[in-house]
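Chains as they are written, first to last, in the working numbering: chain X, 2 to 208; chain F, 2 to 208.
Every residue gets a Cβ at the ideal spot worked out from N, C-alpha and C, and that includes glycine.
Have a look at the structure below before the remarks.
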DNA sequence: AATCGTTTGTGAATATGTTATCATTATGTC
DNA sequence: GACATAATGATAACATATTCACAAACGATT
């Protein structure tokens, strides 16, 4: 149990999907579920679901299924619901502010501690989150902060290097550019354009 | 060439990454590249790159490498750069408006034709893009529109069903909820929280 | 024009990820 | 309390994806 090292990438990508689906089920008043039922819900084969779950321990009971509540707790624990991550937003433009306004963060995956921006007129407070000038990154970076959300549109690589320098280990990348990081730092690109490109390709294939 | 049907999923997910990297290279004035060089740039093995490329034809020259400009053209063509996709945004709240303000759309992957929202006060124009009431979805949907960007926060599944009904084939999903679609419709979830959850999991594994 | 060095593109080998099968073990019933 | 039922979890078969290894092809050089 909890040897995260060897959880397949593909499995890892499904964990948040399971968690969301389980939340929906709980909301619907369902407290017990079998892999076969869950399968139709998330469109993943029952066997795959069971294998995915098994990496985190023996979560189910034979002849019974899984307890929705327990599953949510376990996934929450592993995916950061319980340990309060301190997140920072880098770039307080349109998108950055939209993200700050998402008041869904607390108790889901941590909280946005503060934001940074180069232009002086963005500095101050936005949606109750302090916005500091980029130059104060080192001083204002919250203790133990590992994850940054990147919502800038210029000087991208430069800023990334800066973030790496102060110890950021994971970047959620909203820029449209290609960025490079050293080993040990993970980038998750959130690019609408890329998503649409994939959709276009697939949709064409079907036609 | 161009039998999209059998391009592996994993490969497809890398295409937008290559395209972005190639654009960066072109910007840096590099007009010729070898798979080995590109490899360090995108952190994908040279052989994998060559195989990925080969699905689209024989794009390179032995003993020489690839021409950056030609590659960009080819990827553009396959990923929707040339055929003008008509996109719609469903939900004109904070996030929807941030997306509309991204004036990067034109000639990258198509254009945002219009947006829809349930609340009357959002209807009108935002950043030069018309916003129609949700009730007029059927009438105002652009001819041939296949892809919708979903940036709503309530009545999610209901809205998805509606979109499927009018013929949408691909959804870029910004909601935090779990949604279900029939076969033939593809959903790409863009969920910051999920991304962070994956990062937390991986970052913990490394520690 | 022939040779050399280099890099692509692909068939074969390996590794990774998914699905089928089944023994095991729990629940619920008589 | 023993038995039938049913769903998990693990092992084995399969499928997909990555990497190796090398022949074919191009540019550069003599």
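Please state if the CB of residue j and the CB of residue i are separated by a distance shorter than 8 Å.
| i | j | result |
| --- | --- | --- |
| residue 102/F | residue 95/X | yes |
| residue 272/F | residue 180/F | In the structure displayed, chain F extends from 2 to 208; residue 272/F sits before or after that span and is not available. |
| residue 152/F | residue 175/F | yes |
| residue 15/X | residue 44/X | no |
| residue 162/F | residue 177/F | no |
| residue 80/F | residue 72/F | no |
| residue 147/F | residue 204/X | yes |
| residue 13/X | residue 202/F | yes |
| residue 200/X | residue 189/F | yes |
| residue 36/X | residue 17/F | no |
For residue i, write down the residues that DSSP places opposite it in a beta bridge.
| i | result |
| --- | --- |
| residue 33/F | 68/F |
| residue 117/X | 91/X and 133/X |
| residue 21/X | None, per the DSSP bridge assignment. |
| residue 173/F | 150/F and 189/F |
| residue 62/F | 66/F |
| residue 112/F | 87/F |
Among the candidates the options, whose CA atom is the shortest distance from the CA of residue i?
| i | options | result |
| --- | --- | --- |
| residue 67/X | 154/X, 123/X and 27/X | 27/X |
| residue 11/X | 56/X, 23/X, 72/X and 41/X | 56/X |
| residue 144/X | 20/X, 168/X and 15/X | 168/X |
| residue 93/X | 63/X, 125/X and 111/X | 125/X |
| residue 164/F | 149/F, 73/F, 201/F and 33/F | 149/F |
| residue 120/X | 155/X, 147/X and 114/X | 155/X |
| residue 87/F | 111/F, 75/F and 74/F | 111/F |
| residue 69/F | 85/F, 203/F and 39/F | 39/F |
| residue 90/F | 62/F, 131/F and 8/F | 131/F |
| residue 140/X | 166/X, 46/X and 173/X | 166/X |
| residue 160/X | 135/X, 142/X and 173/X | 135/X |
| residue 33/F | 46/F, 41/F and 65/F | 65/F |
Buried or exposed for residue i, going by 16 or more other Cβ atoms inside 10 Å?
| i | result |
| --- | --- |
| residue 31/F | exposed |
| residue 184/F | exposed |
| residue 122/F | exposed |
| residue 29/X | exposed |
| residue 77/X | buried |
| residue 48/X | exposed |
| residue 137/F | exposed |
| residue 19/X | buried |
| residue 21/X | buried |
| residue 133/X | buried |
| residue 2/F | Note on residue 2/F: pLDDT 34, under 50, position unreliable in the model; the coordinate value appears next. When all chains shown are included, residue 2/F counts as exposed. |
| residue 114/X | buried |
| residue 98/X | buried |
| residue 9/X | exposed |
| residue 58/F | exposed |
| residue 4/X | Only weak support is given to the placement of residue 4/X: the predicted model assigns it a pLDDT of 45, under 50, and the value that follows is read from those uncertain coordinates. Exposed, since its Cβ has fewer than 16 Cβ neighbours within 10 Å. |
| residue 170/F | buried |
Can you name the start and end residues of the beta strand (DSSP E) that residue i belongs to?
| i | result |
| --- | --- |
| residue 126/X | 125-127 |
Where does the unbroken alpha helix (DSSP H) through residue i begin, and where does it stop?
| i | result |
| --- | --- |
| residue 155/F | Counting along the chain, residue 155/F falls outside any alpha helix (DSSP H), and DSSP gives it neither H nor E. |
| residue 47/X | 47-55 |
| residue 141/X | 138-141 |
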